[in-house]
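J.: Take this structure first; my questions come after.
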Amino acid sequence: MKKGYLEQYLTSGILGLATFICGYSIVWPSYTIPLFRSDLSPLSGNFTTYHQSLLGSVPMLGSLLGTVFGGLIADNIGRKRGEILSGLFNVLSCALICTARNIYLLVASRFIFGFGGGIHTFLYSIYVGEFSSAAIRGTTISICVFGYSIGVLSSYIVGWQLTYEQGNYLILGINIMFVISMFFVKDTPVYYLKIGKDKEALECLKFYRGTKITNQEVLDEFAEMKSLLHTPQQMILLKDSDTIDDPEKEKLRQTTDVVVINESKANVWKTMISSKPNLRIFAVISALIFLSVSMGMIAIQTYAGILFARAVPNLSSDMCAIAVALANIAGSVLPIFMIDVVGRRIMMIVSAVLVSLCLAALGAVLRWPIAPDWMIPAIILLYCFCFQLGSATVPYMLNAEAYLPEVKSLCIILAYSVMWGANFIMLAIFAPLSELVGLDGTFFFYSGIAAIAAVLSVFVLPETTGLTVDMIQAKFTNGFSQIGQKSK
8 MKKGYLEQYL TSGILGLATF ICGYSIVWPS YTIPLFRSDL SPLSGNFTTY
58 HQSLLGSVPM LGSLLGTVFG GLIADNIGRK RGEILSGLFN VLSCALICTA
108 RNIYLLVASR FIFGFGGGIH TFLYSIYVGE FSSAAIRGTT ISICVFGYSI
158 GVLSSYIVGW QLTYEQGNYL ILGINIMFVI SMFFVKDTPV YYLKIGKDKE
208 ALECLKFYRG TKITNQEVLD EFAEMKSLLH TPQQMILLKD SDTIDDPEKE
258 KLRQTTDVVV INESKANVWK TMISSKPNLR IFAVISALIF LSVSMGMIAI
308 QTYAGILFAR AVPNLSSDMC AIAVALANIA GSVLPIFMID VVGRRIMMIV
358 SAVLVSLCLA ALGAVLRWPI APDWMIPAII LLYCFCFQLG SATVPYMLNA
408 EAYLPEVKSL CIILAYSVMW GANFIMLAIF APLSELVGLD GTFFFYSGIA
458 AIAAVLSVFV LPETTGLTVD MIQAKFTNGF SQIGQKSK
């Protein structure tokens with residue numbers, strides 16, 4: 008293993024623990040709602056359908072607000088302290104759930120969870136993208152995303168095997184463990200550069216590169232980070248008569264021959280709009296995120312139990328949920344090892360094509376009696392596996408690595424707003440669409456969306472494996488098309 012990779016993998020694993028918590032908590036209502044409706048409910052009063060919808064929808068509202076505030080948090084208190092704050096919100100949420108005996112206190116706790124989860128969803132994209140080496144950036148991001156699938160599976164198993172109280176205290180303990188773990192990692196070099204702490208930024212970069220000495224490789228990367236944070240108008244040449252007391256800064260001067268002067272910051276919106284390559288990248292990533300959300304995972308999660316029961320009547324709903332979660336995990340594992348070898352573009356195209364074929368096959372089996380019933384769960388599990396291969400990860404990976412540093416926070420906020428908006432639209436149209444064209448027709452519709460994502464990826468998705476931000480930006484200098492462009 009190359010020097011410094013271990014520190015990056017461990018930090019990604021700790022951040023993946025927060026993603027684990029998000030996955031765990033998202034599916035929590037699926038096995039607690041039946042308890043709330045029963046005579047053994049820990050809540051006072053009747054639990055109605057209205058309350059059920061609140062438990063499911065309120066976290067999404069909290070996540071949207073958390074994503075918006077995540078930009079302010081990241082730039083004002085830093086990535087590390089922002090993640091700690093996110094963890095504290097989740098600790099508060101879990102503590103309220105452990106003690107809640109009133110439905111509205113439970114709903115409030117779910118909102119707080121959504122807010123904390125939204126902050127983390129925003130922050131980890133920036134955090135990992137800023138400390139990772141270009142050669143393993145895909146792997147480190149995949150580790151974070153993988154935590155979500157593990158969280159979903161763990162939540163189903165806990166709901167199946169433990170009591171309501173035991174499960175709540177377990178996830179409370181995991182939240183506390185995450186907050187404590189975050190005190191042992193460092194913030195990112197980019198954040199320290201943004202607030203003018205060059206010495207801390209250099210020390211941070213050395214930590215993530217696994218070295219205690221300031222070698223030429225570290226200085227070169229440090230100089231590149233500084234150059235990306237400032238426009239050419241903010242740079243002036245150092246005169247030979249300039250004196251620098253700090254020997255590390257003197258070495259850096261010899262490497263870059265420039266120094267950054269403090270000027271008023273350009274308006275971030277103006278910077279974003281004026282950079283056509285960055286705008287094109289944002290448009291591509293936002294489109295892929297929207298299409299990814301629209302590929303039918305919501306429908307699969309909603310109807311998996313019913314479809315499994317049709318094929319295997321004796322299979323419990325718990326086993327059905329665990330089977331789907333295992334398929335998602337299997338699909339999530341491969342990108343960790345393959346994404347930096349095969350490449351983002353290939354993984355996305357292959358995933359979208361396979362997802363389209365799976366959804367078309369599922370629609371055909373539901374409409375026409377052309378296959379035995381056991382094919383239905385087999386197709387569902389294959390779909391989950393293929394979706395996680397690239398469609399569920401690549402758009403968010405690009406969201407973490409492709410933007411200019413000065414507009415990165417804004418672009419990620421807007422991209423995740425597209426994601427939450429797409430989730431809302433899919434939830435809103437699913438029921439009427441199913442009534443209008445049937446469940447089979449709905450899956451055909453989702454198949455078409457996946458096919459569009461595959462075609463779009465062929466023409467406009469760049470290969471970003473091992474590339475720096477400026478290299479990625481250069482791929483969009485002359486337009487959207489990526490056909491015929493070299494990978495590096």
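Start counting the sequence shown at 8; every next residue gets the next number (my numbering).
Here a beta-carbon is modelled for each residue, glycine too, at the ideal position from N, C-alpha and C.
Because the structure is a prediction, the values reported are computed rather than measured.
If you check the beta carbons only, do F185 and L24 fall under 8 Å apart?
T.: Cβ distance < 8 Å, so F185 and L24 count as in contact.
J.: With H, G and I counted as helix, E and B as strand and the rest as coil, what does DSSP make of A334?
T.: In the structure shown, A334 sits in a helix (DSSP, three-state: H, G or I).
J.: Which same chain residues, not among the five before or five after W276, have their C-beta less than 8 Å away from its C-beta?
T.: So the qualifying residues of the chain are L417.
J.: Please classify N269: does DSSP put it in a helix, a strand, or coil?
T.: Annotation note: pLDDT 40 at N269 (below 50); position unreliable, no value reported.
J.: Does DSSP classify M426 as helix, strand or coil?
T.: M426 falls in the helix class under three-state DSSP.
J.: Taking the beta carbon of I432 as the centre, do at least 16 other beta carbons fall within 10 Å, making it buried, or is it exposed?
T.: Label assigned to I432: exposed.
J.: First and last residue of the alpha helix (DSSP H) that includes G69?
T.: That run of the alpha helix (DSSP H) goes T56 to I84.
J.: State the Cα-Cα distance for the pair C391 and A107, rounded to the nearest angstrom.
T.: When rounded, the distance between both Cα atoms is 35 Å.
J.: Do the stretch 326 to 345 and the stretch 151 to 168 make contact, defined as three or more Cβ pairs closer than 8 Å?
T.: Flag = yes, the stretch 326 to 345 and the stretch 151 to 168 touch.
J.: For a test of the three-state rule: what should DSSP assign to E14, helix, strand or coil?
T.: Note: E14 maps to helix in three-state DSSP.
J.: Using only alpha-carbon positions, find the residue among P412, F96, L113 and V98 that is nearest to I104.
T.: Among P412, F96, L113 and V98, the Cα nearest to that of I104 is on L113.
J.: Roughly how many whole angstroms lie between the Cα atoms of E408 and Y199?
T.: Computed Cα separation, rounded: 18 Å.
J.: I'd like the span of the alpha helix (DSSP H) that includes A367, first residue to last.
T.: R351 to R374 is the extent of the alpha helix (DSSP H) around A367.
J.: What is the rounded straight-line gap between the Cα of G69 and the Cα of A290?
T.: If you take the alpha carbons of G69 and A290, they lie about 25 Å apart.
J.: Under the three-state reduction of DSSP, which class applies to P41: helix, strand or coil?
T.: It is helical.
J.: Is there contact between the stretch 61 to 80 and the stretch 116 to 130, where contact requires at least three CB pairs shorter than 8 Å?
T.: With a cut-off of 8 Å, the stretch 116 to 130 and the stretch 61 to 80 count as touching, because enough Cβ pairs lie within range.
J.: Please classify I490: is it buried, with 16 or more other beta-carbons within 10 angstroms of its beta-carbon, or exposed?
T.: It counts as exposed.
J.: Could you pull the start and end residues of the alpha helix (DSSP H) that P320 belongs to?
T.: No alpha helix (DSSP H) contains P320, which DSSP labels as neither H nor E.
J.: Taking the C-alpha atoms as reference points, what is the distance between V401 and T74?
T.: Approximately 19 Å, taken between the alpha carbons.
J.: With DSSP collapsed to three states, give me the class of I406.
T.: One point to set straight first is that residue 406 is Asn, not Ile, in the sequence displayed. Correct three-state label for N406: helix.
J.: According to DSSP, is K201 helix, strand or coil?
T.: Three-state DSSP puts K201 in a helix.
J.: How is W381 classed by DSSP in three states: helix, strand or coil?
T.: In this structure, W381 counts as coil in the three-state DSSP scheme.
J.: Taking one C-beta from the stretch 127 to 147 and one from the stretch 50 to 60 each time, how about it: are there three or more such pairs within less than 8 Å?
T.: No: the two stretches stay apart, fewer than three of their Cβ pairs being nearer than 8 Å.
J.: Once you ignore the five residues that flank S271 on each side, which residues in its own chain have a CB closer than 7 Å to its CB?
T.: In this prediction, S271 scores a pLDDT of 39, lower than 50, which makes its location untrustworthy; the coordinate-derived value is nonetheless stated afterwards. Closer than 7 Å at the Cβ level, and outside the excluded window around S271, lies no residue.
J.: Alpha carbon to alpha carbon, what distance is there between S140 and G350?
T.: Distance between the alpha carbons of G350 and S140 is about 15 Å.
J.: Give me the residue from Y410, E224 and G85 with the minimum Cα distance to G203.
T.: Nearest option by C-alpha distance: G85.
J.: Would you grab the beta carbon distance between I133 and I28 for me? Rounded to a whole angstrom, and I think it's under 8 Å.
T.: Actually they are not in contact, since the Cβ atoms of I133 and I28 sit about 19 Å apart, beyond 8 Å.
J.: Taking just the CA atoms, how far does F153 sit from V340?
T.: Going by the C-alpha atoms only, they are around 7 Å apart.
J.: Roughly how many angstroms lie between the CA atoms of T308 and V159, to the nearest whole one?
T.: For the sequence presented, residue 308 should be read as Gln rather than Thr. Each residue's alpha carbon lies about 12 Å from the other.
J.: Using C-beta distances below 6 Å, list every residue in its chain close to S100, excluding the 5 sequence neighbours before and after it, in chain order.
T.: So the list reads S116, I119 and F120, once near-sequence residues are dropped.
J.: Could you compute how far the alpha carbon of I353 sits from the alpha carbon of Y403?
T.: Spanning the two alpha carbons is a distance of roughly 15 Å.
J.: Return the CA-CA distance between D194 and V135, expressed in angstroms with no decimal places.
T.: Rounded to the nearest angstrom, the two C-alpha atoms are 10 Å apart.
J.: What do you reckon, are the CB atoms on F394 and M279 nearer than 8 Å?
T.: Result no, Cβ atoms of F394 and M279 do not sit closer than 8 Å.
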